[in-house]
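Count along the sequence shown from 1, then add 143; that gives the number in our numbering. Ideal Cβ placement from N, Cα and C applies to all residues, glycine included. The structure displayed is predicted, hence computed values, not measured ones. Read through the structure below, which is laid out as structure tokens, and then see the notes.
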Amino acid sequence: MFKFAHTHALWLLLPALLLSACANISKSERMDGLNNTLKNYKRDIRWGEFDTAWAFHRGETDKREEPPEKLKDLRVTDYKVVNTHMSVDNLSYTQTVRIFYHLADSPRVRKLTDRQKWEYDEEAKRWWLVSDMPQF
């Protein structure tokens, strides 16, 4: 009887343990997705791939804003994350970034503070930038 009670209890706990494990995997995958998204976005901004960077911005594809023409003469020299915050539900992330840049015809380095808000789209299983694009 005692052995049966332990086995029965184990079978009752198993679904809860499996659901908990799935939730942790989902959270882990979401965080990996955020890290990859932020890394790729930073790379695109840093190396002047503004068309690709603009694709991270949420919006209807046919109405999505194009990068301004003036960005073709812009060179980013540094991109530093200075502050971050993750929401309690892990579905929203904000970061403050300092972007250092200069125009191709000027040696003067300028600084821009970019406050980014990212949101997770559970249907698309991806992160979107929902704040404005950097205003160079």
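Discussion item. Within a Cβ cutoff of 7 Å, which residues of the same chain sit near Tyr-222, ignoring the five residues on either side of it in sequence?
Written reply: Taking the sequence shown and counting its residues from 1, one reaches residue 222 at position 79. The answer, listed in chain order, is Lys-185, Ile-188, Arg-189, Val-240, Ile-242.
Practice prompt. Pick out the complete alpha helix (DSSP H) segments inside the region 170-220, 4 residues or longer, and give them in chain order.
Written response: Secondary structure remark: continuous alpha helix (DSSP H) runs of at least 4 residues inside the region 170-220, in chain order: 193-197.
Worksheet item: Apart from the five residues just before and just after Asp-205, which ones in its own chain have a Cβ nearer than 6 Å to its Cβ?
Response: In the sequence shown, residue 205 corresponds to position 62, counting from 1. Its pLDDT being 48, under 50, Asp-205 is placed unreliably in this model, and the coordinates cannot settle the point.
Worksheet item: How big is the Cα-Cα spacing for Leu-214 and Gly-191?
Response: Position 71 of the sequence shown, counted from the first residue, corresponds to residue 214. Position 48 of the sequence shown, counted from the first residue, corresponds to residue 191. Between Leu-214 and Gly-191, the C-alpha separation is close to 8 Å.
Discussion item. Can you tell me whether Ser-274 is helix, strand or coil according to DSSP?
Written reply: The sequence position of residue 274 within the sequence shown is 131, counting from 1. In the structure shown, Ser-274 sits in coil (DSSP, three-state: anything other than H, G, I, E or B).
Discussion item. Looking only at its chain, what residues have a beta carbon closer than 8 Å to the beta carbon of Val-219, apart from the 5 residues adjacent to it on each side?
Written reply: The sequence position of residue 219 within the sequence shown is 76, counting from 1. Result list for Val-219: Ile-188, Arg-189, Trp-190, Gly-191, Ile-242, Phe-243, Tyr-244, in chain order.
Worksheet item: Taking buried to mean at least 16 other C-beta atoms within 10 Å of its own C-beta, is Ala-247 buried or exposed?
Response: Walking along the sequence shown from the start, residue 247 turns up at place 104. Ala-247 is exposed by the Cβ-count criterion.
Practice prompt. Would you decide whether Pro-277 is buried or exposed? Buried here means 16 or more other CB atoms lie within 10 Å of its CB.
Written response: Locating residue 277 in the sequence shown gives position 134, counting from the first residue. So Pro-277 ends up on the buried side.
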